[in-house]
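First residue of the sequence shown: 4, per our numbering; consecutive thereafter. Where is the CB? At the ideal position from N, CA and C, for every residue including glycine. Contents: one structure, followed by commentary.
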Amino acid sequence: MEKREVIMDHYSNPRNRRRINDGKYVVENTRNSSCIDNLDIYVNIQNDKIEDITFEGEACAISVSSASIMTSNLKGKTVEEAILYIANMEAMLNDKDYNSSILKEAVVYEDTKNTSRKTCAWLPYEAVKKILENYR
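Structure (structure tokens):
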């Protein structure tokens, strides 16, 4: 599947998109001040493992698809694995060395050159990074 097709599939059929009202979840809002992107990320961590992760909100195709790919890849990961995954995404978006095998489908954003689009792709990761930093 082409990169654009992967992005559009995750935008049109987002995985793990649902609002959670459960005290076991930590919620972090993330928004892009220069556009419509406004997402809530819900993470349930039990015994240093991400048991569940979802998102809800209004955002562009890049942010929604990025959140969908991210939640699919982080569900079931340990906190340390999730931190490594997020660090690789951040490195990729900043044109630094990264491990594409860790990122799986998220490599569809590797050719993103437009700074505002990089911000859109990074948005959901920024929220989870905060949650994981606070968890430690």
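It is roughly 9 angstroms from the alpha-carbon of ARG21 to the alpha-carbon of ILE56. Among the bridge pairs identified by DSSP, ARG20 is matched with PHE58. Its chain contains VAL111 as the residues whose beta carbon lies nearer than 6 angstroms to that of LYS6, once the 5 sequence neighbours on both sides are disregarded; these appear in chain order.
Put simply, the backbone Cα of LEU42 is about 24 angstroms away from that of ASP51. When the beta-carbon positions are compared, ALA109 and ILE72 come within less than 7 angstroms of each other. Beta bridge pairing from DSSP links VAL30 with TYR45. Taking each of ASN24, SER69, VAL46 in turn and checking the Cα distance to GLY79, the smallest one comes out for VAL46. By the criterion of a C-beta distance shorter than 6 angstroms, SER103 is surrounded in its chain by VAL110, once the five residues flanking it on both sides are discounted. Under the DSSP assignment, THR122 falls in the alpha helix (DSSP H) whose first and last residues are 118-138.
Distances from the alpha-carbon of SER75 to those of LYS133, TYR88, VAL30, ASP40 put TYR88 closest. Each residue's CA atom was taken as its position, placing TYR28 and THR118 some 31 angstroms apart.
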